[in-house]
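Read in order, the letters of the sequence shown correspond to residues 173 to 289 in this note's numbering.
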Amino acid sequence: KRFFDKAMGANGDPDKVAIDKSGANKAAIDAINAGRDVPILVRQVKYLNNIVEQDHRAIKRVTRPMLNFKSFRSAGSVLAGIELMHMIRKGQFAIDGADAMSFADQFSVLAGIVRPV
């Protein structure tokens, strides 16, 4: 319940929530809905976590040989870079002329190192 309260405080009240079949999540949403006029619609998907794990499989593959990070900040920087490269590879950024650019050039444009040609 604390997680949902914090998320709703930061992002506003949702119309619907997609969660896995975990009983704790459902109980928390039911507790929140008890005090509301318009309840939050709950959409439960049994294998929702598998989709999330599949997306993070590539990150695990890259970070496992690194053993450990010395600080939380360095871990965040490395993971942000890995996520950025995967998003570029999936085509999730709208960059002018991205079709003719390499992944490294697209990364440089997003990082502000090089201006697009």
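Virtual Cβ for every residue (Gly too), placed ideally from N, Cα, C.
Would residue i and residue j qualify as a contact pair, given that the criterion is a beta-carbon distance under 8 Å?
| i | j | result |
| --- | --- | --- |
| L256 | F275 | no |
| V250 | F241 | yes |
| I285 | I254 | no |
| A203 | K173 | yes |
In angstroms with no decimal places, state the Cα-to-Cα distance between residue i and residue j.
| i | j | result |
| --- | --- | --- |
| I212 | G184 | 12 Å |
| N222 | N197 | 17 Å |
| G263 | A206 | 42 Å |
Going by DSSP, what residue range makes up the beta strand (DSSP E) through residue i?
| i | result |
| --- | --- |
| R215 | 213–216 |
Go to residue i, then tell me how far its alpha helix (DSSP H) extends in each direction, as first and last residue.
| i | result |
| --- | --- |
| V250 | 244–262 |
| F191 | For clarity, residue 191 is Ile in the given sequence; the question names Phe instead. Not the alpha helix (DSSP H): I191 falls in the beta strand (DSSP E), residues 188–191. |
Among the candidates the options, whose CA atom is the shortest distance from the CA of residue i?
| i | options | result |
| --- | --- | --- |
| V189 | K232, A206, I201, N222 | I201 |
| G195 | I254, H258, A272, Q216 | Q216 |
| K218 | R208, G269, I191, D227 | I191 |
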